[in-house]
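What follows is a single structure, written as structure tokens, with notes after it.
Numbering (our numbering), first residue to last: 11 to 207.
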């Protein structure tokens, strides 16, 4: 339940009254948001609500670490799919600061804010979504680079990442661990079936 907002140096602090503690072990700092959020969640308590309220919506969101104050800005073409991926073990194993922080501090020590709801999925272009994310990234990189969990100052930097052509050359011939291996007919049939789909 949100009580009131206090604007301080263009950052928003939200006071919350929750009877249950967010984390059973430790002091939390007051989260700072880059703009007045549309919605604020306690991730572990509101996981189902996060999926329901952001289903089919294009969103700009912010994670705030309640222990050290670090922030992460992201966008999601389909909000529920993107936000719920933060609980997927295979996603959390990727080596990015946000995933490492979620694993180390757990979801209990984070606040999740929806900064902008851009409408239903497909109602805006991906370029517009990335431009709105870029707006917040410019603020966070200007504000304090040390409080940032984003790897890149440009929105969508890893979106559609293409490996350089030289990578294929580096993994051909004897450099490829699968080169000169003898494969069973079952293995070859399985790969033929997968590649034909």
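Using N, Cα and C, we set each Cβ at its ideal position, and we do this for glycine too. In this text, all values refer to a predicted model and were calculated from it rather than measured experimentally.
Checking 7 angstroms against the spacing of the C-beta atoms, do residue i and residue j come in under that value?
i           : j           : result
residue 127 : residue 48  : yes
residue 80  : residue 159 : yes
residue 83  : residue 146 : yes
residue 45  : residue 112 : no
Would you list the residues sitting across from residue i in a DSSP beta bridge?
i           : result
residue 121 : 74
residue 158 : 81
Return the chain-ordered list of same chain residues with a C-beta closer than 6 angstroms to the C-beta of residue i, the five sequence neighbours on each side being excluded.
i           : result
residue 89  : 64, 67 and 69
residue 53  : 117, 120 and 122
residue 18  : Since pLDDT at residue 18 reaches only 39, below the 50 mark, its modelled position is unreliable, and no value is offered.
residue 94  : 61
residue 144 : 165
residue 86  : 69 and 92
residue 77  : 115 and 119
residue 202 : none
Excluding the 5 residues flanking residue i on each side, which residues of the same chain have their C-beta closer than 7 angstroms to its C-beta?
i           : result
residue 116 : none
residue 189 : 183
residue 131 : 66, 67, 68, 87 and 88
residue 114 : none
residue 96  : 112
residue 31  : Per-residue confidence for residue 31 stands at a pLDDT of 43, beneath the threshold of 50, marking its modelled position as unreliable; the derived number appears in the next sentence. Closer than 7 angstroms at the Cβ level, and outside the excluded window around residue 31, lies no residue.
Going along the chain, which residues of its own chain have a beta-carbon closer than 8 angstroms to the beta-carbon of residue i, five neighbours each way excluded?
i           : result
residue 163 : 147, 148 and 151
residue 34  : Unreliable positioning characterises residue 34 in this predicted model, as indicated by a pLDDT of 44, which lies under 50. The coordinate reading is nonetheless provided below. For residue 34, where only same-chain residues beyond five positions count, the Cβ hits under 8 angstroms are 118.
residue 102 : 96, 109, 112 and 113
Can you tell me whether DSSP reads residue i as helix, strand or coil?
i           : result
residue 205 : helix
residue 165 : coil
residue 193 : coil
residue 200 : helix
Just to confirm the assignment: which complete beta strand (DSSP E) runs, minimum length 3, are found wholly within the stretch 74-153?
Qualifying beta strand (DSSP E) stretches, in chain order: 81-86 and 120-130.
Please give me, in chain order, every unbroken run of the beta strand (DSSP E) with length at least 3 that falls completely inside the stretch 40-73.
Counting only runs of 3 or more, we get 49-51.
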